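Report on one structure; see the data block that follows.
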Amino acid sequence: MSGGPAGATEDPLDRLKNTFFVPLVRRNRYTIQQVVGEGAYGVVVSAIDNVTGDTVAVKRIMRLFEHMSEATRILREIKFLRVLNRHENVISIRDVLLPDDRDKFDDVFVVFDYMPADLNRLLRSDIPLSPEHIRWMMYQLTRALHFLDALHVYHRDLKPSNILINADCDLRICDFGGFLSVCHGERDMFAESNHSTGLP
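Each residue of the sequence shown is one higher than the last, beginning at 114 in the numbering used here.
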């Protein structure tokens with residue numbers, strides 16, 4: 114008979130909270146809520162910003178420097194999204210968390226606005242969309258594309274799964290890993306990547 118108390122198995126969420134921010138990062142003010150996405154790149158969790166009270170998404174991109182081409186693409190996208198400076202219909206980066214020990218800088222933690230779903234999931238669901246909903250979404254998408262066009266930015270992978278949405282039908286375009294930015298016919302400071310897909 115086991116000597117440990119019955120039901121002493123660690124809860125999966127508690128285990129995640131204990132391991133997600135390892136290695137430890139500076140300025141960690143986020144309380145993890147749940148996993149909202151997983152993939153080869155790492156894990157995305159929803160979290161509460163303990164300073165603002167906002168719900169945010171924190172993406173842990175693991176083994177960032179294992180493949181330099183991927184590291185270049187990811188860091189390029191982070192730099193670009195920070196330059197965009199929070200257009201309301203483009204996903205924005207709130208924070209980038211760095212490890213305490215720079216010698217162990219293998220993972221990066223990126224804090225985004227939290228959007229619970231994407232347009233692909235909405236369109237495949239049974240949720241009815243009124244003409245007013247559709248007009249509102251098209252208006253926002255047009256605004257975002259006009260904004261990007263004015264900056265000579267071409268997303269190159271725009272599809273429903275790269276358009277995030279919340280319960281109020283507010284939209285934000287995401288996944289700029291394969292973008293091209295052109296100024297007067299020449300490639301600008303964001304040189305074109307060899308990869309056509311970005312962060313999931």
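Positions of the beta carbon are idealized from the N, C-alpha and C atoms, including for glycine.
Predicted, not measured: the structure shown is a model, and the values here were computed from it.
Query, Result
"At least 3 beta-carbon pairs within less than 8 Å: the segment 218–229 vs the segment 168–175", "yes"
"Ile247 in three-state terms, based on DSSP", "helix"
"For Asn275 and Met228, the rounded distance between their alpha carbons", "11 Å"
"Alpha-carbon to alpha-carbon, Val196 and Gln146", "29 Å"
"Burial state of Tyr143 (16 or more Cβ within 10 Å)", "buried"
"Continuous alpha helix (DSSP H) stretch holding Arg234: start and end", "Leu232 to Arg237"
"Residue closest to Gly166, alpha-carbon to alpha-carbon, out of Gly150, Arg176 and Asp226", "Asp226"
"Cβ separation of Asn202 and Ile286, assumed to be a contact under 8 Å, to the nearest whole Å", "7 Å"
"His265 versus Tyr252: straight-line alpha-carbon distance, rounded", "20 Å"
"Length-filtered (4 minimum) alpha helix (DSSP H) runs lying within the segment 175–224", "181–197"
"Per DSSP, cross-strand counterpart(s) of Lys172", "Val157 and Val223"
"Residue from His200, Val164, Val158 and Arg186 whose Cα sits closest to the Cα of Phe260", "His200"
"Cα-Cα separation, Asn233 to Lys272", "8 Å"
"Cβ-Cβ separation, Val157 to Val149 (assumed contact under 8 Å), whole Å", "5 Å"
"Rounded C-alpha distance that separates Asp270 from Leu284", "16 Å"
"Cα-Cα separation between Ser238 and Ala230, rounded to whole angstroms", "11 Å"
"Where Phe133 sits in the DSSP three-state scheme", "coil"
"Nonlocal neighbours in the same chain, by C-beta distance under 7 Å from Ser243, ignoring five residues either side", "none"
"Delimiting residues of the beta strand (DSSP E) encompassing Arg142", "Neither: Arg142 is in no beta strand (DSSP E) and is coded neither H nor E."
"Contacting residues, own chain, Cβ-Cβ under 7 Å from Phe178 (five flanking each side not counted)", "Ala184 and Asp219"
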